[in-house]
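Notes to accompany the following structure.
Number of protein chains: 2
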Amino acid sequence: MRKGVFGACRALILAVVALLASGPALAEDGYDLWLRYRPLADSAQARYRPLATAIAAPQDDPSIRIAAAELHRGLSGLLRADVPASADAIAPGAILLGTSGDRRIAALGLPLSTLGREGYLIRSVRVDGKPATVIAANSGVGVLYGAFHLLRLVQTGDPIDRIDIRSVPKVELRLLNHWDNLDRSVERGYAGQSIWDWWKLPDITNPRYVDYARANASIGINGTVLNNVNAKADSLTAPYIAKAAKLADIFRPYGIRVYLSARWSAPIEIGGLKTADPLDPAVAAWWKAKADEIYAAIPDFGGFLVKANSEGQPGPQDYQRSHADGANMLAAAVKPHGGIVMWRAFVYAHENPDDRARQAYDEFKPLDGRFADNVIVQVKNGAIDFQPREPFHPLFGAMPKTPLMMEFQITKEYLGFATHLVYLGALFEETLASDTFAKGKGSTVARVIDGSLEGHARTGMAGVANIGVDRDWTGSQFDQANWYAFGRLAWDPEASARRIAADWAGMTFSTDPAFVAPVVDMMMRSREAVVDYMTPLGLHHLMATGHHYGPGPWVDDLERPDWNPVYYHRADAQGIGFDRTKTGSNAVAQYAPPVARQLGDIRTVPERDLLWFHHVRWDHRMASGRILWDELVTRYDRGVAEVAAMRARWATLAPYVDADRHADVMRFLAVQAREAQWWRDASIAYFATFARRPLPAGSPPPAHDLDYYKALRFPYAPGN
Amino acid sequence: MRKGVFGACRALILAVVALLASGPALAEDGYDLWLRYRPLADSAQARYRPLATAIAAPQDDPSIRIAAAELHRGLSGLLRADVPASADAIAPGAILLGTSGDRRIAALGLPLSTLGREGYLIRSVRVDGKPATVIAANSGVGVLYGAFHLLRLVQTGDPIDRIDIRSVPKVELRLLNHWDNLDRSVERGYAGQSIWDWWKLPDITNPRYVDYARANASIGINGTVLNNVNAKADSLTAPYIAKAAKLADIFRPYGIRVYLSARWSAPIEIGGLKTADPLDPAVAAWWKAKADEIYAAIPDFGGFLVKANSEGQPGPQDYQRSHADGANMLAAAVKPHGGIVMWRAFVYAHENPDDRARQAYDEFKPLDGRFADNVIVQVKNGAIDFQPREPFHPLFGAMPKTPLMMEFQITKEYLGFATHLVYLGALFEETLASDTFAKGKGSTVARVIDGSLEGHARTGMAGVANIGVDRDWTGSQFDQANWYAFGRLAWDPEASARRIAADWAGMTFSTDPAFVAPVVDMMMRSREAVVDYMTPLGLHHLMATGHHYGPGPWVDDLERPDWNPVYYHRADAQGIGFDRTKTGSNAVAQYAPPVARQLGDIRTVPERDLLWFHHVRWDHRMASGRILWDELVTRYDRGVAEVAAMRARWATLAPYVDADRHADVMRFLAVQAREAQWWRDASIAYFATFARRPLPAGSPPPAHDLDYYKALRFPYAPGN
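Chains as they are written, first to last, in the UniProt record's numbering: chain A, 1 to 720; chain B, 1 to 720.
As structure tokens, then:
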């Protein structure tokens, strides 16, 4: 009879659920990111339910309380069941959380000692004779990371019945860099204004701050630089320190520290000093007092990020001091508190006539060994500036005595803003897998970054955030994948971008293999597509002035030579490309000899980097058998075709995605298709004026003449 | 037995509902505005259900389809029942929608002929012998307005069983003015950036555009000026016309037309002409062609709003032409398409040494009768600029041959931004109820605005929007009430602000009288509170430079005299206040004689306007028996005390409001309490340097000295 009652109830309950679920509040707008926790298929629910009957967690650690709450939220949603969290009872199928200090965890005799502060174990065990899953670590944050890992397994349909996972981050500092200004504009931000509402902080906070912390913790990000590297001194004044402290309080239990970008000239601008000379004792004393003030408000403040003597920013060179002098002075100020200084190597100077690609290396290489032990030098992935493709930065492997941290750009300044679907996991992976040959074969950039190559304990990876107030956080659904992939690769720089894409797609949309396989394929190919339709064969920095949206290869009127696209492509009647071999700028010599040899020889350089390193004749014969001009046009055409293929493919995937997000992505792909064509047409129209050759057979002429493309203006492009 | 089954089910269903309702997606973040549609109390659900069994609506009119969908959504939520919408069947308790052209509506013989295009009837009727509720109008939009009215009745618990409502808007143009820039910044915006994502339009639209239209339609707003009156010519270029057209397409079925602010010098800036002289035939031809281009994309384009020769904007006076010359030339361009020109009277000139309060009147009064019949002059509520309190603008009643439309500011530029709780319904009502005496007693501003005083058919009311991308739309929960009240008062300028507040509070939070009564009382008092703690007794424009946040009565260093607070308060050793009587600027003479006499005489002027019109001795005896200085301080204290009372009162209302929004409002009130004190302390510290008298007994000294307040800086205040 009871069964009959429940049978009868079932239909009613489903009707009620359907009614509630049809409400507007459950619309899929992307806000939930990869932490959607929508119900799994019935069969999967049945499989997991016995393995997730309850959550047993001590209540004294705030991070573990959050881990338990997240598991409760996630499992209750995924399994459509109430998975209660409590402190004590262990039922069969319970999930037990705890640290090495807990009695029940200690009794399990798990090998926790090598996990460090942030690593964790997830294991199927027996507790008091009952089957259970334990998530154990040496800190509450480690447990929280493990909880998110377990949730991911359930979200993506991985088995958890005989589980034995050990995970330890390979990189110490896994940071977002927000180029967010105090007026809430975001330099190179394409997802609306800054999520930091500085004006209302610290009194009024946004629930989004917590969801930001959840999302970051779920992928292991453990620090955030709140303000733009083009910094204002105001961020170091008392009111703004109080605002940052409020954010730090919110983020702390999620294992996220706050950092600030420091304006080099702050001692003058807000300190009333006459100088910012790093060797002036008054300047050092000012920074020390400022650090003390910050740490009084934020005891676990991470430290400073500094952009100095670059693109107009002040710095120690204004006083004839070196970058090391500057970094070390700041480092001394934060050292008593355990803080660090991240000193950016992205420098190039007005006065320097050298190839811009050479300058950071020339400036920093001689300083190797001169930095204090709490300084880490932050190097962009390539020597120019976040192009669709760049060879790895020659500094990686070239400063063995100095910890170098990676700076990737998650926000797509040069890759079609948030409008174009480009999965950056593929780009990040390509750089990390590049072999510097600094200590022979296998000296990958990943091994420079994780410290294993040169034995550095201090390691880091920073990503310039693509986050804003847009409801979907990142300006498009697919740009969420780039935030996600960054976090996962910062945890493990040798992880597979393809595997990460599969996790993301499964958590974000659907775990159906008929969906995941084509979407992952599309994501992995999307990066090559943008290279092809914007800057194929090693071309770079051809974007329009200032905002960097759309093609501007003809631009030659900017104040500084190395801000002009013509500086980079050097097209002429004979050919195209930047000669960086010894007949040219010889930037290639900055790489280790095996790399320099390969890149410096037109016969061995990979075609993808050809025009980065060589000025090549239009009739140069390529691997395809085509001459360079024909190959160039073919690549442009290939990029356009690839976007058309993405569009067609996504259209077939409607059955797997809610209507709102599916349509949303379709609209973005339509724009991308139009703009890929624009890039191709404008670039070909321009380069044809040098090549003076016909287009290869089957390749249509540009839709407009060159003047049409040159006349396009975008005065209100975002992020500029 | 079946009953037993359902009894058993009930508990389970409630558990499932509770589980789902506990999810994050149902969090009350304010996004739903006053259209929340959360379930009513059980007893109310039971009362309404028989009266809302189904929705019968023809499917051929897009506005009626929207009305039916909104009723379905609203009633299904409120009554926790599926209220189906269909085209045909009339069941007992159905809600029948339709226009005069529908057979079933015509058969009812309703008096629709006097409703105009936008009015509606809601009546309890019998259709085919069955009891029903009919919503009838002469247009689909009229039906939509009626549907929102019916929903409001259900939301607020009003009976609908014997209903007989007739509603016709008294004002033709009920418009929002967005001071939104093309880069998404919002001048005087305190709710995040512009909801118009110009960059992504027209290809990519935000679901928010639809919710914006729903919210506006629900309060009768029928037009929106998309861009800032400080306009850029780019908004008139083809790409931006296409973007505006996309918004127009979305808004059209909601009865909302789009308008654009026109940059006077656009013919030069984007037209390639040498002049923008309105009497130059080439200029007129350019605007005519531009209007044709806009109407080709937006057939129901509303017309232009123009800020000319004011605060640095170009205008016809640059060519020695009058405002009428300028307005009429533009009016001729849009006239063939049925468009209008709204010409702002907010002008004051660098060169003019006259009292700024006089200048708009002096400029426009002589032009009465000289404007084309599709021009309407838009006048701010007061002669200065959206102060916490201003006497009504002397132009109201002074230009009988010219239709004047009201410009209110919904965004709180001078009233504590979105942070301070100030219900502007009380301010709007005070202005509208003011008697101009233009045609004897009863010549209220409301009757100027609704056209009844001078027989104008063209009427309008504009509100400068307080809308942005913040999740709660307006930067705070209570600022939603100001958007709401503006719409309701635009529909009926003689409506009661108190009654509107009650509707809003009931729809937005709770209809419990134990909640509504104290909240409405608090809202109605909140406006007097801000007057008291910022600018009591007729003081005005004492806000800090530029951003207008916080006190700056001491500011005297701005380029233009009339930008300085000292220009307005004129405090000296003898007294304080601006003499606008005949011994001073004589601005008072711009009012009709009975008003001028009352305001011009220190014995009869209301104390609330005292220092607006008179320079008054510190020892002047006030109605309270106190001298002016003591009264001034007492008012400041009263304002601070009122905010403390609001805080205490809101704290007691927690049982009626979800925890998130209750806490949110508490945090805002805490800031307001601190800042009311700041205003009071800084103002008293400053004025005491002139009055040189002790504070009245019991009034504490300012917390800091004057220099402290003068030194405060807010370089990143929003909206500036």
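We treat Cβ as the ideally placed atom computed from N, Cα and C, and that holds for glycine.
Judged by DSSP in its simplified three-state form, residue 629(B) adopts helix.
Interface flag for residue 480(A) against chain B is unset, since no Cβ pair is found closer than 8 Å. At least 8 Å separates the CB of residue 69(B) from every CB of chain A.
With a contact defined as Cβ atoms closer than 8 Å, residue 55(A) and residue 97(A) qualify at about 7 Å. Within chain B, the residues whose beta carbon sits less than 7 Å from that of residue 668(A) are 204, listed in sequence order. With its beta carbon at least 8 Å from every one in chain B, residue 217(A) lies outside the interface.
Between the region 35-43 of chain A and the region 59-79 of chain A, the count of Cβ pairs shorter than 8 Å is three or higher; the stretches touch. Rounded to the nearest whole angstrom, the CA to CA distance from residue 148(B) to residue 217(B) is 8 Å.
Of the other Cβ atoms in all chains shown, fewer than 16 fall within 10 Å of the Cβ of residue 708(A); this residue is therefore exposed. A residue is called buried when at least 16 other Cβ atoms come within 10 angstroms of its Cβ; residue 462(A) meets this threshold and is buried.
Only 417, 418 and 419 from the region 402-428 of chain B bring a Cβ to less than 9 Å from some Cβ of chain A. The distance from the Cβ of residue 399(A) to that of residue 365(A) is about 6 Å, consistent with a contact at the 8 Å cut-off. For residue 405(A), the uninterrupted beta strand (DSSP E) segment begins and ends at 404-409. In the structure shown, residue 197(B) adopts coil according to DSSP, grouped into three states. Between residue 393(A) and residue 175(A), the alpha-carbon positions lie close to 19 Å from each other. With a threshold of 16 other beta carbon atoms within 10 Å, residue 274(B) falls short and is exposed.
Among the residues of chain A, none has a CB under 7 Å from the CB of residue 233(B); the nearest is roughly 10 Å distant.
Shown here, residue 304(B) sits in a strand according to DSSP, grouped into three states. Taking a C-beta distance under 8 Å as the contact criterion, residue 535(B) and residue 388(B) qualify as a contact pair. Counting C-beta atoms within 10 angstroms of its own C-beta, residue 369(A) has fewer than 16 neighbours from the protein chains shown and is therefore classed as exposed. Think of a sphere of 7 Å around the beta carbon of residue 717(A): the chain B residues whose beta carbon falls inside it are 199, in chain order. If the five residues before and after residue 414(A) are omitted, its C-beta is found closer than 6 Å to the C-beta atoms of 386, 387, 543 and 548, all from its own chain and listed in chain order.
For residue 513(A), there are no neighbours in chain B by C-beta distance under 7 Å, as the nearest C-beta there is about 28 Å away. Within the same chain, and ignoring the five residues on either side of residue 291(A) in sequence, the residues whose Cβ sits closer than 6 Å to its Cβ are 333 and 334. If you draw a straight line from the Cα of residue 497(B) to the Cα of residue 425(B), it is about 5 Å long.
Ranked by how close their Cα comes to the Cα of residue 277(B), the residues 631(B), 265(B), 254(B) and 520(B) have 265(B) in first place. Runs of alpha helix (DSSP H) with 4 or more residues, each lying fully within the region 446-516 of chain A, are found at 480-491 and 497-508, listed in chain order.
Listed in chain order, the non-local C-beta contacts of residue 92(A) below 6 Å within the same chain comprise 130 and 131, local neighbours out to five positions each way being set aside. Your pair residue 381(B) and residue 408(B) checks out as a contact, with CB atoms roughly 6 Å apart and the cut at 8 Å. A contact between stretches requires three or more CB pairs, one per stretch, nearer than 8 Å, and the region 237-245 of chain A fails this requirement with the region 501-518 of chain A. Residues of the same chain with a CB within less than 8 Å of the CB of residue 485(B), apart from the 5 flanking positions on each side, are 423, 424, 425, 428, 497, 500, 501 and 504 in chain order.
Collapsing the DSSP output to three states places residue 359(A) in a helix. For residue 110(B), there is no enclosing beta strand (DSSP E), since its DSSP letter is neither H nor E. Bounds of the alpha helix (DSSP H) holding residue 294(B) are 281-297. Contact of residue 60(B) with chain A by beta-carbon distance below 8 Å is absent, the smallest such distance being about 25 Å. The beta-carbon of residue 469(B) is placed less than 8 Å from the nearest beta-carbon of chain A.
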